[in-house]
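One structure is given here, and the rest of the page talks about it.
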Amino acid sequence: MAASRETFGGKLAAVLAMAGSAIGLGNIWRFPYLVGQNGGAAFILVYLVACFVLALPIFFAEAVIGRRGGGNTFSAMEKLAPGSAWKWMGLITVAAPLLLLSYYSVVGGWSVDYLFKAVTLQFTGDTSGIFERFITSTWEPLAAHTVFMAFTAAVILAGVKNGIEKFTKITMPLLFLLIIVIVVYGLTLPGSWKGVEYLVRPDLSKINVNVIATAMGQAFFSLSLGVGTILTYASYMRKEDNVVAAGTYTALSDLLFALLAGFAVMPAVFAAGIQPGQGPGLVFDTLPYIFSQMHGAGTVVAILFFFSILIAALTSSISLLEVGVAYLVEEKGWSRKRSTLVLALASWALGVLCSLSFGPMAHVQLLGKGFFDFLDSLCSDWLMPLGGLLFTLFVGWRMSKADVRDELTNGGTCNKRIFGAVYILVRYLAPIGIAVVFLSNLLL
Ligand code: PFF
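With my numbering applied, the sequence shown corresponds to residues 494 to 937, in that order.
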């Protein structure tokens with residue numbers, strides 16, 4: 494174990510870093526297209542409930558383990574349940590974030606490339622087929638993936654305080670500012686109010702099992718749960734900080750940002766007379782077309798938009814890399830530099846396969862899926878819910894209630910009134926909710 498661990502400078506720094514991890518491609522790329530595919534406001538309504546009833550309790554469970562255990566998943570579990578098999582959960586939490594990072598970085602790379610396209614005025618003419626051409630090509634997405642991974646590694650190399658904390662402190666407020674500017678501009682477009690209506694007027698008949706399962710899965714992904722990221726970040730929190738408050742602020746800002754992203758995208762989509770259910774191409778295919786129709790302003794909005802996606806993706810990818818780095822530094826005694834370089838390189842190499850799976854390697858299939866889709870499904874549908882389930886079972890059933898209370902109430906100095914409710918959510922509701930996610934992934 495390292496002699497002394499770095500910590501975040503304070504509660505704000507911890508919340509910004511956690512919100513940085515939570516707010517990412519999941520909010521700005523995935524959320525708008527899921528809303529479009531799953532019935533608009535009705536999906537948002539279900540998503541709201543999923544965030545607070547399912548996801549937030551899992552967040553608390555991870556945070557309890559991380560802060561009380563004071564380390565990466567292996568050491569935290571070993572400290573809290575000495576000699577038990579629980580520490581092997583550490584394996585999920587080292588492997589899953591690196592698998593996730595490999596394809597996350599590919600999409601992060603798309604935002605690098607699109608920012609470049611916007612700056613070089615490529616969204617001014619005919620944009621038809623732009624996304625298809627781009628992702629099926631070999632070198633352009635690979636170069637972008639490489640640049641994105643290099644940025645991620647650079648922040649992690651700088652450390653917890655000088656890297657993660659400094660980077661998220663600057664970028665997170667900027668990110669909110671940028672998205673608000675884009676929302677305001679979008680609302681000025683003629684016809685945009687139809688998009689607003691679509692986001693705020695729920696048609697409850699649209700809610701079905703599939704919508705519920707999708708919303709739960711998205712809440713999971715969006716709050717960065719089940720793979721040890723929140724656990725690791727919570728281990729950098731000071732003892733006097735309030736983890737329940739930190740979790741709640743993180744969930745609220747994550748939700749707010751997802752909604753803002755919805756309001757940045759949908760009004761513009763409706764104003765252009767386009768159907769909202771375009772799927773994953775909504776941001777990378779439909780928006781460039783819309784930007785190209787805006788004439789002068791289009792380029793500026795495109796630059797702001799893809800820059801926002803890039804920052805949002807980076808503040809998440811650094812949290813994914815940090816989990817493995819914390820493990821190697823603390824458990825294996827590696828230097829931060831060596832750990833970062835080795836893990837970033839390994840993840841980059843896997844990402845190369847993911848990137849090529851849209852083009853030259855499209856014929857290579859694992860269980861009927863291309864490499865990218867296979868890893869995405871493995872992580873989002875299986876590893877994340879599995880991790881979340883084990884974390885909640887550990888906190889709800891393996892740790893003593895007194896210890897959990899002590900951690901969530903900071904030794905009885907805060908959150909005393911809500912502890913009972915939080916505990917029930919962690920012990921019963923969250924595991925049941927996750928079981929539903931599993932079943933639906935199996936059956937739907
Ligand atoms: N929450 C991130 C997003 O919404 O893009 C994705 C993510 C980051 C998932 C970190 C898991 C994780 F550990």
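Quick reminder that beta carbons are idealized off the backbone N, C-alpha and C, glycines included.
Counting along the chain, Val689 sits inside the alpha helix (DSSP H) bounded by residues Trp686 to Val693. Within its own chain, the residues whose Cβ lies closer than 6 Å to the Cβ of Asp778, once the five positions on either side in sequence are excluded, are Phe624, listed in chain order. The C-beta of Val702 has fewer than 16 other C-beta atoms within 10 Å across all chains shown, which makes the residue exposed. Beta-bridge pairing by DSSP links Lys862 to Leu859. Relative to the ligand PFF, even the nearest heavy atom lies 7 Å or more away from the CB of Pro769.
In the DSSP assignment, Gly513 falls within the alpha helix (DSSP H) that extends over Lys504 to Ala515.
Between the ligand PFF and the CB of Ala578, the shortest heavy atom gap is not smaller than 7 Å. Only residues of its own chain outside the window of five on either side were considered, and among them Glu499 and Tyr729 have a CB closer than 6 Å to the CB of Val653, listed in chain order. The residue from Ala790, Val929 and Asp606 with its alpha-carbon nearest to that of Ile705 is Val929.
Judged by beta-carbon spacing, Gly880 lies beyond the 8 Å limit of Ala556, meaning their Cβ atoms are not closer than that value. When C-beta atoms of the segment 567-575 are compared with those of the segment 826-842, fewer than three pairs fall below 8 Å, so the two segments do not count as touching. Non-local beta-carbon contacts of Ile558 in its own chain, meaning distances under 6 Å to residues more than five positions away in sequence, involve Ala569 and Leu724 in chain order. Our two residues, Ser812 and Ala506, have alpha carbons roughly 14 Å apart in a direct line.
Around the C-beta of Gly719, 16 or more other C-beta atoms lie within 10 Å, and the residue is accordingly described as buried.
8 Å or more divides the Cβ of Phe750 from the Cβ of Ile537. In this structure, the alpha-carbon of Leu584 lies about 20 Å from that of Phe867. Going down the chain, each residue whose beta-carbon is closer than 6 Å to a heavy atom of the ligand PFF shows up: Ser514, Ala515, Gly517, Leu518, Gly519, Asn520, Pro590, Leu593, Phe714, Ser715, Ser717, Val720, Thr722, Ser809, Ser812 and Leu813. Going by C-alpha positions, Ala727 is about 15 Å away from Ser809.
The three-state reading of DSSP puts Tyr921 in helix, counting H, G and I together.
Annotation: Tyr729 is outside any alpha helix (DSSP H) and is labelled neither H nor E by DSSP. Counting only residues of its own chain and dropping the five nearest sequence neighbours on each side, Val793 has no CB closer than 8 Å to any other CB.
Annotated three-state conformation of Asn903 is coil, per DSSP. Only exposed fits Asn655, as fewer than 16 other CB atoms lie within 10 angstroms of its CB. With respect to Gly533, Tyr678 sits apart: the two C-beta atoms are not nearer than 8 Å. Judged by DSSP secondary structure, Glu658 falls outside any alpha helix (DSSP H); it is assigned neither H nor E.
Taking the Cα of Tyr820 as reference, the smallest distance to any Cα among Asn565, Gly502, Leu547 and Leu745 is reached at Asn565. For the 8 Å CB-CB criterion, Gly684 and Phe641 do not form a contact. For secondary structure counted as the alpha helix (DSSP H) over 4 or more consecutive residues, the segment 552-619 holds these complete runs in sequence order: 566-573 and 582-612. Apart from sequence neighbours up to five positions away, the residues of its chain that approach Gly562 with a beta-carbon distance below 6 Å are Ala569, Lys572 and Leu573, ordered along the chain. When secondary structure is reduced to three states using DSSP, Trp890 falls in the helix class. Three or more beta-carbon pairs separated by less than 8 Å link the segment 516-526 to the segment 758-772, which places the two stretches in contact. Between the segment 665-679 and the segment 740-758, the count of C-beta pairs closer than 8 Å reaches three or more; the two stretches touch. The C-beta distance from Ala806 to Leu518 rounds to 5 Å, short enough to fall under 8 Å.
By the CB criterion at 8 Å, Ser848 and Pro634 fall inside the cutoff.
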